[in-house]
Amino acid sequence: MNLAWQIEQYLPRQLLELVKDISGQAAKRGQRVYLVGGVVRDLLLGYPNFDLDLVVEGDAVKLAQQVAKTSQAKLLAHHRFGTAKLRYGNFSLDLATARGETYAKPGALPAVTPGTLKNDLIRRDFSVNAMAISLASNDYGELVDPYQGKSDLEHRLIRILHPGSFSDDATRILRAVRYEQRLGFELEAQTAQLLKRDIPMLDTISGDRIRHELELILKEKRPEFVIRRLAELGVLQRISPLLKGDGWLVEKFDKARRLKKPSQLPSLYFCLLVYSFSENEIEQLLVRLNIPAKLSRAMRDTLRLKTRLALLDTSPLKPSEIYYLLREYESMAIETNAIASDSSTVHHYLQLFLTKLRYVRTALDGEELKRLGISAGPEMGQVLQILHKAKLDGEVRTRADEKKLARSLSPKS
Ligand code: CTP
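This is how it looks when you write it as structure tokens:
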């Protein structure tokens, strides 16, 4: 099958120029270059994906350096394991030396050796991700599909390439379900069986790698479907026995998307995932996934604040009371509780804090208070707090109001 026409139609002009430049330079060096992985899958499905991965049968770093020297493309970075990133205009692409991989033991990072395109494709996760398109001039656009990826795309199947795939790299268990749900595919029967068999192999994967895969899931358009399916297969429970993908989560993830910016969503989803956890349970998960400090704080604060929400759901509260109750919590924890709580009063107070109260500042500062006769130290701290509360509660509005109140508090008044 030849996909030259699709490449020309599909890729933006600048990106196509860069791709052609690379393959032209490669030809001069006697090397072949291929488009590989997700972009080939998406091109066949007709989905936009301009994250291009290119594989070179030969030294990818030297090729990238040559392209950067003789064209307008910039070499952004290159690594000792034979990969390089090039940028041209608004686009960037990754170039890698074709390589084979062997796994010394399950879950270990693979040992890498230079290889052919075919070696490079067999080490990949699923047949639909193990196709390539030639960019060489003599067979430009030819699909290379040694593992029946196109047929699996047509049958809407996610299939591993060999029975040891999940035990070699158990992150593929999470990836399989992510693609299955994103593309609306099914796990091929044997793949599903092996996936279930190899769930315990997730224990061989480091916290950072599991977390990275969870982050990719949480960046999907509808992560709750992936989570729900992972729970159904018994995968989620292997990561933490309490993680659930139930109707509550579906409803809250949906609410989060309606209320928040996409950049906030992954952290918010993480906090929602642990909403029913106890303090102990959350600590275990933080360790298992090696969660970074800021997100750990947000997750812990989510639970601490949850236990205090009843205080917000009682008689009417003054803005200053709301402020002093909430100020010690990470804003992500407040956002999470605003979405998780079913009480409209709680929601209203949390939103009031997030959108207004946390930004309220007094007009007077320490220097001005000194001029009004208030001495630095605890006394000034107290006056500033009284002014701040009065401002929050609307008892003072202008600078003059604040001065009047401060003077009345000064011992010399
Ligand atoms: N890959 C793999 N095993 C992994 C991770 C990646 O075999 N554990 C391979 C797949 O062939 C994949 C390619 O590396 O297509 C690039 O990985 P990634 O960028 O994660 O996937 P894409 O398919 O490019 O992107 P996306 O998942 O967002 O569609």
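To convert, take the position in the sequence shown, counting from 1, and add 3; that gives the working numbering. Ideal Cβ positions, reconstructed from N, Cα and C, are used throughout, including at glycine.
L78 sits in a strand when the DSSP states are folded into three classes.
Not one heavy atom of the ligand CTP lies closer than 7 Å to the C-beta of G187. Separation of the CB atoms of V277 and T305 is rounded to 7 Å, and the pair is thereby assigned contact status at 8 Å.
For G384 and L314, the gap between their C-alpha atoms comes out near 26 Å. In the three-state reduction of the DSSP assignment, I208 falls in the coil class, being assigned neither a helical nor a strand state. Counting C-beta pairs with one atom in each stretch, the region 166–179 and the region 143–150 have fewer than three that are closer than 8 Å, which means they do not touch. The nearest non-hydrogen atom of the ligand CTP is 7 Å or more from the C-beta of D316. It is roughly 35 Å from the alpha-carbon of Q354 to the alpha-carbon of S413.
Remark: C-beta atoms of A139 and R35 approach each other more closely than 8 Å.
Not one heavy atom of the ligand CTP lies closer than 7 Å to the C-beta of N122. Put simply, of L190, L112 and R126 the residue whose alpha carbon is nearest the alpha carbon of L156 is L190.
In the structure shown, the three-state DSSP call for G144 is coil. Counting only residues of its own chain and dropping the five nearest sequence neighbours on each side, L48 has a CB closer than 7 Å to the CB of L156. Shown here for A114: same chain residues with a beta carbon closer than 6 Å to its own, the five before and five after excluded, namely T105 in chain order. A straight-line Cα-Cα distance of about 13 Å links Q184 and L219. The Cβ-Cβ distance between S130 and L164 falls below 8 Å. Between the region 261–268 and the region 229–246, the count of C-beta pairs closer than 8 Å stays below three; the two stretches do not touch. In the structure shown, L357 adopts helical secondary structure according to DSSP, grouped into three states.
Inclusion of R178 in the 7 Å shell around the ligand CTP follows from its C-beta lying nearer than that to a non-hydrogen atom of the ligand.
For E371, the secondary structure class from DSSP, reduced to helix, strand or coil, is helix.
For E60, the enclosing beta strand (DSSP E) stretches over residues L55 to E60.
L360 sits away from L390, with the two beta carbons spaced by 8 Å or more.
Going by DSSP, F94 is part of no alpha helix (DSSP H) but of the beta strand (DSSP E) stretching over F94 to T100. Relative to the ligand CTP, the beta carbon of N132 is positioned inside 7 Å of a heavy atom.
Closest option to G369, judged by alpha-carbon separation, among E382, V363, Y362 and L357: E382. Going by DSSP, I325 is part of the alpha helix (DSSP H) stretching over P322 to L329. For Q196, the closest C-alpha among the options A29, V238 and T317 is that of V238. Check the Cα spacing between H351 and each of R44, N5, R330 and P319: the tightest is with P319. DSSP, read as helix, strand or coil, puts V42 in helix. Remark: the C-beta of T174 is in contact range of the ligand CTP, defined as less than 7 Å to any heavy atom. In this chain, R90 is not harboured by any alpha helix (DSSP H); it is covered by the beta strand (DSSP E) spanning T86 to Y91.
Out of S411, R400 and Q68, the CA that lies nearest to the CA of V386 is found in S411. Straight-line measurement puts the Cα of S243 at about 14 Å from the Cα of I294.
In the DSSP assignment, L239 is bridged to no other residue.
Residues A29 and V59 of the same chain have their beta carbon placed closer than 6 Å to that of L66, with the five preceding and five following residues left out of the count.
The ligand CTP never approaches D24 closely enough for any of its heavy atoms to be under 7 Å from the residue's Cβ.
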